[in-house]
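Per my numbering, the very first residue in the sequence shown carries number 455; after that it's consecutive. Quick notes on the structure that follows.
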Amino acid sequence: MSEQVKMFLNGDEAVAWAVRLCRPDVVSAYPITPQTIVVEKISEFVADGLMKCQYMHVESEHSAMASAMGASLAGARTFTATSSQGLAYMCEMLHYVSGSRFPIVMMNANRTLAAPWNIFGDQRDSISQRDSGWIQVYVENGQEALDMIIQAYRIAEHEKVYLPVMVNLDGFVNTHTYEMVEVPAQEDVDAFLPPFKSLNAVDFEHPKSYCISAGTDWNMEFRQQQQQATLDAEAVIQAVDKEYGAAFGRSYGGMLEEYRMEDAEVCLVALGSVNGTIKEVVDSLRGEGKKVGLVKLRFIRPFPRDYFKALAGRVKAVGIVSRDLSFGYEGAIGSEVKAAMQGAGTAVPAVNFVAGLAGRDIPRGTIAEMYQKLERAADGGAYQDMEMVDMRW
Numbered sequence: 455m456s457e458q459v460k461m462f463l464n465g466d467e468a469v470a471w472a473v474r475l476c477r478p479d480v481v482s483a484y485p486i487t488p489q490t491i492v493v494e495k496i497s498e499f500v501a502d503g504l505m506k507c508q509y510m511h512v513e514s515e516h517s518a519m520a521s522a523m524g525a526s527l528a529g530a531r532t533f534t535a536t537s538s539q540g541l542a543y544m545c546e547m548l549h550y551v552s553g554s555r556f557p558i559v560m561m562n563a564n565r566t567l568a569a570p571w572n573i574f575g576d577q578r579d580s581i582s583q584r585d586s587g588w589i590q591v592y593v594e595n596g597q598e599a600l601d602m603i604i605q606a607y608r609i610a611e612h613e614k615v616y617l618p619v620m621v622n623l624d625g626f627v628n629t630h631t632y633e634m635v636e637v638p639a640q641e642d643v644d645a646f647l648p649p650f651k652s653l654n655a656v657d658f659e660h661p662k663s664y665c666i667s668a669g670t671d672w673n674m675e676f677r678q679q680q681q682q683a684t685l686d687a688e689a690v691i692q693a694v695d696k697e698y699g700a701a702f703g704r705s706y707g708g709m710l711e712e713y714r715m716e717d718a719e720v721c722l723v724a725l726g727s728v729n730g731t732i733k734e735v736v737d738s739l740r741g742e743g744k745k746v747g748l749v750k751l752r753f754i755r756p757f758p759r760d761y762f763k764a765l766a767g768r769v770k771a772v773g774i775v776s777r778d779l780s781f782g783y784e785g786a787i788g789s790e791v792k793a794a795m796q797g798a799g800t801a802v803p804a805v806n807f808v809a810g811l812a813g814r815d816i817p818r819g820t821i822a823e824m825y826q827k828l829e830r831a832a833d834g835g836a837y838q839d840m841e842m843v844d845m846r847w
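If you want it as structure tokens, here you go:
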């Protein structure tokens with residue numbers, strides 16, 4: 455392995471560097487806060503001759519995904535990026551891409567959805583699209599963002615998967631925060647990620663139909679193919695993460711990461727940047743002799759159902775930190791974790807902490823209070839199934 459270069463980058467820039475290293479043939483770009491830096495930086499790479507690709511500045515997010523799909527149909531490795539209302543605008547095309555099995559990689563800068571209008575981060579945008587057929591991964595920091603873009607292409611283009619991948623960064627916390635990031639050498643990325651040879655491109659010698667209609671008699675079979683490919687992706691994700699660790703010295707546990715869970719009696723489950731703060735709180739509480747831990751959930755599609763089913767037999771109480779809200783119920787991932795744990799047939803207190811909407815801070819003290827409530831629940835005390843955290847009334 456060649457020496458990796460340390461750079462002072464924000465998360466958006468880290469994504470742009472990763473895209474450059476992956477050598478996409480086509481980048482379709484439409485700016486939206488807080489994703490804009492990604493496509494701006496890529497445009498600089500292209501203008502300076504440091505990156506060779508077809509850079510398409512399109513008129514909308516819908517067009518960005520349509521262009522990426524068309525390029526993938528022609529056999530190109532493609533990339534695009536979006537956020538919030540932009541992701542919502544391209545929703546129709548998300549289903550076309552996944553249903554047609556095009557291995558596009560997209561970065562999404564997590565940002566709350568209007569109205570009320572707000573540019574700051576929560577995960578309502580991407581989680582609302584969890585049923586669109588895209589593999590979804592959430593990263594903790596800029597280094598993980600860079601590494602996951604590279605891994606995402608290996609996962610998406612694997613013959614057993616052939617599905618699009620969405621890499622999610624918390625808006626502003628990840629996208630705009632600067633930190634030291636190790637950037638791999640181009641030759642090492644080339645060895646890890648060979649040139650793309652599409653299995654699903656237009657071929658005049660072997661004609662196929664694309665975006666076909668499928669009637670009632672066959673439509674469910676297409677859906678089963680998508681379902682099986684998504685389930686198969688879990689093993690591919692685990693294998694790619696291990697290979698990446700061997701090649702570059704960094705791995706992330708694949709579907710999820712356990713932090714100080716070896717003897718934990720209570721734990722939190724969380725997505726994205728808040729995991730860094732939770733780890734600090736866990737270390738502090740461990741210093742006080744408390745048996746607390748963290749499950750950093752990385753992929754929500756595919757969903758590690760079997761893991762959470764087993765977790766119900768390991769701990770006395772679980773809290774799920776949700777930066778989203780399914781109105782009229784609770785955080786969507788909170789519901790999914792609870793459902794998986796119920797499958798174990800073991801009654802374990804589970805609390806969905808809805809927090810950090812529209813960029814509201816989730817401070818250490820608030821996280822410590824979550825652990826206190828879980829400890830009380832583990833001891834038989836009363837608890838709420840769902841709690842809106844740090845409300846002003």
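Don't be surprised by glycine CBs; every beta carbon is placed ideally from N, CA and C. For clarity, every value in this text was computed on a predicted model and none was experimentally measured.
Legend entry - Continuous alpha helix (DSSP H) stretch holding E675: start and end: N673 to F702
Inset, instruction - Measuring alpha carbon to alpha carbon, tell me which of N622, D778 and D833 ends up nearest G465. - result: N622
Legend entry - Best match in A812, R818, I589 and V802 for proximity to L828 [C-alpha to C-alpha]: V802
Inset, instruction - Give the straight-line distance between the Cα atoms of A766 and S663, rounded to the nearest whole angstrom. - result: 46 Å
Legend entry - Which of helix, strand or coil DSSP assigns to K460: strand
Legend entry - Contacts around C545, its chain only, beta-carbon distance under 8 Å, and the 5 residues preceding and following it disregarded: Q583 and S586
Legend entry - Buried/exposed call for A645, threshold 16 Cβ in 10 Å: exposed
Inset, instruction - Run through the segment 799–835 for me and flag every whole alpha helix (DSSP H) of 4 or more residues, listed as ranges in chain order. - result: 818–832
Inset, instruction - Return helix, strand or coil for D624, following the three-state DSSP convention. - result: strand
Inset, instruction - Can you grab the Cα-Cα spacing for the pair I787 / T536, in whole Å? - result: 22 Å
Inset, instruction - Select from R759, T566, S780 and P638 the residue whose C-alpha is nearest the C-alpha of G703. - result: P638
Inset, instruction - On a CA-only basis, which of I496, H516, A809 and H549 is nearest P618? Give me that one, please. - result: H549
Legend entry - Status (buried if at least 16 other CB within 10 Å, exposed otherwise) for M842: exposed
Legend entry - Same chain only: Cβ atoms within 7 Å of A655, ignoring 5 sequence neighbours per side: L527, A528 and G529
Legend entry - Contact the segment 817–836 vs the segment 788–797: 3+ CB pairs below 8 Å: no
Legend entry - Three-state secondary structure (DSSP) of M505: coil
Legend entry - Beta-carbon contacts of E641 that lie in its chain and below 7 Å, excluding the five residues immediately before and after: S456
Inset, instruction - Report the residue from D502, I573 and D579 whose alpha carbon sits nearest the alpha carbon of P488. - result: I573
Inset, instruction - Starting from the C-beta of M461, find all residues in its chain whose C-beta is less than 7 Å away, skip the five residues before and the five after it, and write them out in chain order. - result: V635 and V637
Inset, instruction - Can you grab the Cα-Cα spacing for the pair T532 / G773, in whole Å? - result: 38 Å
Inset, instruction - Determine the contact status of D778 and I581, defining contact as a CB-CB distance below 7 Å. - result: yes
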